[in-house]
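**Q**
Number of protein chains: 2
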Amino acid sequence: MIAPLEELLQALTRLPGIGRRSAERIAFFLLNRPEEARKLAQAIGSLHDRVKRCPRCYSLSGGGLCPICRDPRRDRKIICVVAHPWEIMKLERTGEYRGLYHVLGGLISPAEGTGFQDLTIEALLRRVREEEIEEVILALEPKLEGELTAMHLLERLKPLGVKVSQIAQGVPVGRDLEVADEVTLGKAIRGRIELR
Amino acid sequence: MIAPLEELLQALTRLPGIGRRSAERIAFFLLNRPEEARKLAQAIGSLHDRVKRCPRCYSLSGGGLCPICRDPRRDRKIICVVAHPWEIMKLERTGEYRGLYHVLGGLISPAEGTGFQDLTIEALLRRVREEEIEEVILALEPKLEGELTAMHLLERLKPLGVKVSQIAQGVPVGRDLEVADEVTLGKAIRGRIELR
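Here the protein sequences come in this chain order: U and E.
Position one of the first sequence corresponds to residue 78 (the working numbering), numbered consecutively onward.
Position one of the second sequence corresponds to residue 78 (the working numbering), numbered consecutively onward.
Here it is, written out as structure tokens:
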């Protein structure tokens with residue numbers, strides 16, 4: 078294998094979901110299409126210079142406020158708190174949420190040494206105090222780090238008199254009950270809703 | 078979606094085997110790892126400048142002869158003819174072949190307007206005349222274009238007194254007989270080998 082191709086294959090196989098075979102397919106595709114390769118290299122190479130953080134919610138932005146903070150149709154009384162910007166994309170795809178977001182930039186993790194001061198929690202508290210926020214929804218992963226972070230946020234938000242809620246935890250839709258672990262099933266039972 | 082990210086997603090989804098979800102995973106992975114992103118952009122961006130064609134067999138090379146043409150352990154009396162350089166990689170993985178290669182750069186295709194003069198056929202004939210070649214193996218795809226190209230090559234190579242062979246066509250190993258089409262099955266029957 079020649080060096081420039083091998084270097085590309087190595088870089089490609091570090092990407093999530095790309096094995097050696099996929100990397101080869103992609104490499105030969107790019108080799109055959111100089112123009113596509115140029116565009117892709119440009120898009121990847123300029124990513125970090127061009128992607129900024131929204132100064133209000135810390136989501137991704139092309140500069141200044143992010144598209145959601147700028148959108149006049151969004152409900153400005155609700156903030157949904159997430160750990161990472163890509164979680165916003167998933168929530169947006171549900172079409173169920175029309176409020177604003179706040180990106181913590183991670184979760185409290187004793188194992189990784191991430192404390193609350195490493196997250197954008199002060200900025201969130203400031204938003205709740207300064208903007209007219211009625212509800213803060215916590216959409217954090219239902220694991221230890223998410224629970225720790227949720228507990229800390231609840232403690233800090235409650236004194237501000239804002240409603241704090243958490244997205245429902247339960248059995249994933251369209252999956253067998255068998256795949257749900259006991260903790261999830263337990264939460265699904267406690268969080269059951271009456272059918273009428 | 079902000080512009081720099083959207084541009085990256087668009088470029089990524091043009092790659093073979095990459096859908097929108099995979100593109101998002103890759104984009105956020107790169108967003109979180111500036112150093113990996115820099116390396117990947119560099120590897121893709123420099124690919125076309127750094128990958129050359131071997132002046133003898135037209136396979137890929139980092140400059141000068143390709144690694145196979147340079148390898149003294151290869152059998153220099155046999156040339157295996159393929160349409161594209163990536164087919165060499167597949168053949169090499171079989172471990173069954175120790176000769177040289179020749180990359181045509183495509184196949185004769187009336188539909189796409191590719192004629193024999195667009196391929197590296199003259200260079201192949203020159204190699205057969207000038208190098209001490211005893212056998213030329215055709216490893217072309219068993220479809221119309223491959224057959225046309227094989228017929229043309231046979232016609233041009235025979236007068237040079239070289240043995241011309243073609244890789245066996247038959248039932249794919251490890252698959253059900255049912256998946257093989259009639260033409261393949263017919264070839265498999267005609268090309269049957271005696272067991273002893």
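Note that CB positions come from ideal geometry on N, CA and C, so glycine has one too.
In this text the structure is predicted, and so the values were computed from the model without any measurement.
Taking Cβ-Cβ distances below 9 Å as the criterion, which residues of the segment 99-124 of chain E are in contact with chain U?
**A** Those would be Ser99, Glu101, Arg102, Ile103, Ala104, Phe105, Phe106, Leu107, Leu108, Asn109, Arg110, Pro111, Glu113, Ala114, Arg115, Lys116, Leu117, Ala118, Gln119, Ala120, Ile121, Gly122, Ser123 and Leu124, in chain order.
**Q** Would you identify the three-state DSSP class for Ile214 of chain U, choosing helix, strand or coil?
**A** strand
**Q** Consider the Cβ of Met228 of chain U: report whether some Cβ of chain E lies at a distance smaller than 9 Å.
**A** no
**Q** Along the segment 128-161 of chain E, where does the CB come closer than 8 Å to a CB of chain U? Name the residues.
**A** Val128, Leu137, Ser138, Gly139, Cys143, Pro144 and His161
**Q** To which residues of the same chain is Gly94 of chain E closer than 8 Å at the C-beta, ignoring the five residues directly before and after it?
**A** Listed in chain order, the non-local C-beta contacts of Gly94 of chain E below 8 Å within the same chain number zero, local neighbours out to five positions each way being set aside.
**Q** Does Thr197 of chain E come out as helix, strand or coil in the three-state DSSP assignment?
**A** coil
**Q** Can you grab the Cα-Cα spacing for the pair Thr226 of chain U / Leu184 of chain U, in whole Å?
**A** 6 Å
**Q** Under three-state DSSP, which class holds Val159 of chain U?
**A** strand
**Q** Need the endpoints of the alpha helix (DSSP H) that Gln243 of chain U sits in, please.
**A** From DSSP, Gln243 of chain U is part of no alpha helix (DSSP H) but of the beta strand (DSSP E) over Lys240 to Gln243.
**Q** Specify, as a first and last residue, the run of the alpha helix (DSSP H) that Gly223 of chain U falls within.
**A** Leu221 to Leu234
**Q** When the cut-off is 9 Å and only beta carbons count, does Arg91 of chain E lie next to chain U?
**A** yes
**Q** Below 8 Å, how does it come out for the segment 146-157 of chain U and the segment 106-120 of chain U: are there three or more Cβ pairs, yes or no?
**A** no
**Q** According to DSSP, Gly263 of chain E sits in a beta bridge with which residue or residues?
**A** Gly263 of chain E pairs with nothing; no bridge assigned.
**Q** Take Val241 of chain E and list the residues in its own chain whose beta-carbon comes closer than 6 Å to its own, dropping the five residues that flank it on each side.
**A** Val213, Leu231 and Leu234
**Q** Can you tell me the Cα-Cα spacing of Gln119 of chain U and Arg127 of chain E, whole angstroms?
**A** 17 Å
**Q** Is the number of C-beta pairs between the segment 215-223 of chain E and the segment 155-167 of chain E that are closer than 8 Å three or more?
**A** yes
**Q** Can you pull the chain U residues whose beta carbon is under 7 Å from the beta carbon of Leu85 of chain E, in chain order?
**A** Ala120, Ile121 and Leu124
**Q** Kindly confirm or deny that the segment 189-206 of chain E and the segment 133-147 of chain U touch, where touching means at least three C-beta pairs closer than 8 Å.
**A** no
**Q** Assign Pro162 of chain U to one of two classes, buried (16 or more other C-beta atoms within 10 Å of its C-beta) or exposed (fewer than that).
**A** buried
**Q** State buried or exposed for Pro81 of chain E, treating a residue as buried only when at least 16 other CB atoms are found within 10 Å of its CB.
**A** buried
**Q** Hey, is Pro187 of chain E's beta-carbon within less than 9 Å of any beta-carbon in chain U?
**A** no
**Q** Buried or exposed for Gly223 of chain E, going by 16 or more other Cβ atoms inside 10 Å?
**A** buried
**Q** Would you give the residue range spanned by the alpha helix (DSSP H) that Glu177 of chain U belongs to?
**A** Reading the sequence as shown, one finds Leu at residue 177 of chain U and not Glu. Residue range Gly176 to Val180 is occupied by the beta strand (DSSP E) that includes Leu177 of chain U, with no alpha helix (DSSP H) assigned at that position.
**Q** How would you list, in chain order, the residues of chain U whose beta-carbon sits under 8 Å from the beta-carbon of Ile79 of chain E?
**A** By Cβ distance, chain U contributes Val128, Leu137, Ser138, Gly139, Cys143 and Pro144.
**Q** Alpha carbon to alpha carbon, how far is Leu237 of chain U from Glu199 of chain U?
**A** 13 Å
**Q** Beta carbon of Val239 of chain E, beta carbon of Glu211 of chain E: below 9 Å?
**A** Their beta carbons are under 9 Å apart, which means Val239 of chain E touches Glu211 of chain E by this criterion.
**Q** Is there a C-beta anywhere in chain E that falls below 9 Å from the one on Ile244 of chain U?
**A** no
**Q** By the 9 Å beta-carbon criterion, what residues does the segment 209-234 of chain U contribute toward chain E?
**A** none
**Q** In the DSSP assignment, find the alpha helix (DSSP H) that holds Asp126 of chain U and state where it starts and stops.
**A** Leu124 to Arg127
**Q** Looking at Leu92 of chain E and Ile103 of chain U, is the spacing between their C-beta atoms short of 9 Å?
**A** yes
**Q** Write down the C-beta distance between Val248 of chain E and Leu262 of chain E rounded to the nearest angstrom, noting that I regard them as a contact closer than 8 Å.
**A** Contact between Val248 of chain E and Leu262 of chain E holds: CB atoms are separated by about 7 Å, below the 8 Å threshold.
**Q** Please tell me whether Lys116 of chain E and Ala265 of chain U are closer than 9 Å, where the distance is taken between their beta carbons.
**A** Against a cut-off of 9 Å, the Cβ pair of Ala265 of chain U and Lys116 of chain E comes out as no contact.
**Q** Hey, would you say Gly140 of chain E sits closer than 9 Å to Lys129 of chain E, going by beta carbons?
**A** Yes; because the gap between Cβ atoms is below 9 Å, this pair is in contact.
**Q** Report the rounded CA-to-CA distance for Arg252 of chain U versus Gln246 of chain U, giving the unit in angstroms.
**A** A straight line joining the alpha-carbon of Arg252 of chain U with that of Gln246 of chain U spans about 14 Å.
**Q** So Leu288 of chain U contacts chain E; which residues on that side make the cut at Cβ distance below 8 Å?
**A** Coverage of chain U is limited to positions 78 through 273, which leaves residue 288 of chain U absent and any answer about it impossible.
**Q** Does the CB of Gly192 of chain E have a neighbour CB from chain U at under 9 Å?
**A** no
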